[in-house]
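Remarks on the structure that follows.
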Amino acid sequence: METVKAKKYHHGNLEEALVLAGLREAQASGTRNLGVTHLAKSVSVSPMAVYRHFSSGESLKAAISQNARENLAHRMQAAALAVSGTRNRFRALGEAYIHFALTEPGLFSVAFVACDVPPAREDDPSAWGVLQAGIQELCDDGLIAQSATESVAAFAWSSVHGFAMLANGLDPVRPQATPEDISKLLDLVWDGILGA
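Here's what the structure looks like:
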């Protein structure tokens, strides 16, 4: 994702301006500066103005988190559309997921931050939905049974998300995330799915 451009609020859409400010903060520092006071100041409004659009700081944080997840989902969709073949599309989804985590660690952390309230709407697109569509393609091609789609999706998501989280960490024994390492991981996930 390109760096979100700074934009002051001038009688426009304050809700959008606050979410964009939150995404800029997420890119810069992850989950640290997503509070109402900080974000209100960044768009030059009072904290009270925020509550005309969001019922609480948690609902604002949920909207920022949702936008980060939707950005991830768009990247996954674009990666899958850029290649042909079921296996290549499946791999592209995983590669896009890990690439997002490694290149946008702040947004990645915010995408999955715990919020006390759910977002006001469903994710559109949903990263989980994009993955499920990829798993459904495996089913449509006869590679897995229809009854296995949910468990296969959970296995694939857990494997890729876990790798991304560990590779993004500070542990000196964290997994390496070279293109070769990512490719090997995705081969193992693919083999695990077909072996099951």
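For the sequence shown, the tail end lands on 315 under this note's numbering, and the numbers increase by one without skipping.
Built from N, CA and C at the ideal position, the CB exists for glycine as well.
Given the structure is predicted, the values throughout are model-derived calculations rather than measurements.
Asked                                                                                                                   : Found
Run of the alpha helix (DSSP H) containing LEU250, from where it starts to where it stops                               : 246–259
Rounded C-alpha distance that separates ARG210 from GLY281                                                              : 16 Å
Buried versus exposed call for ASN190 [16 or more other C-beta atoms within 10 Å across all chains shown]               : buried
8 Å Cβ shell around VAL249 - same chain, five flanking residues per side excluded                                       : ALA192, MET195, GLN196, ALA199 and LEU212
CA nearest to the CA of ILE217, picked from PRO298, ASP310 and ALA147                                                   : PRO298
Sequence-distant residues of its chain with Cβ nearer than 7 Å to SER302 (five each side left out)                      : none
Distance, GLY314 Cα to VAL308 Cα                                                                                        : 10 Å
CYS258 to GLN146 span [Cα, whole Å]                                                                                     : 37 Å
Residues of its chain near ASN152, where Cβ-Cβ distance is below 8 Å and the 5 sequence neighbours each way are ignored : GLU144 and LEU158
PRO298 - containing alpha helix (DSSP H), residue span                                                                  : 298–314
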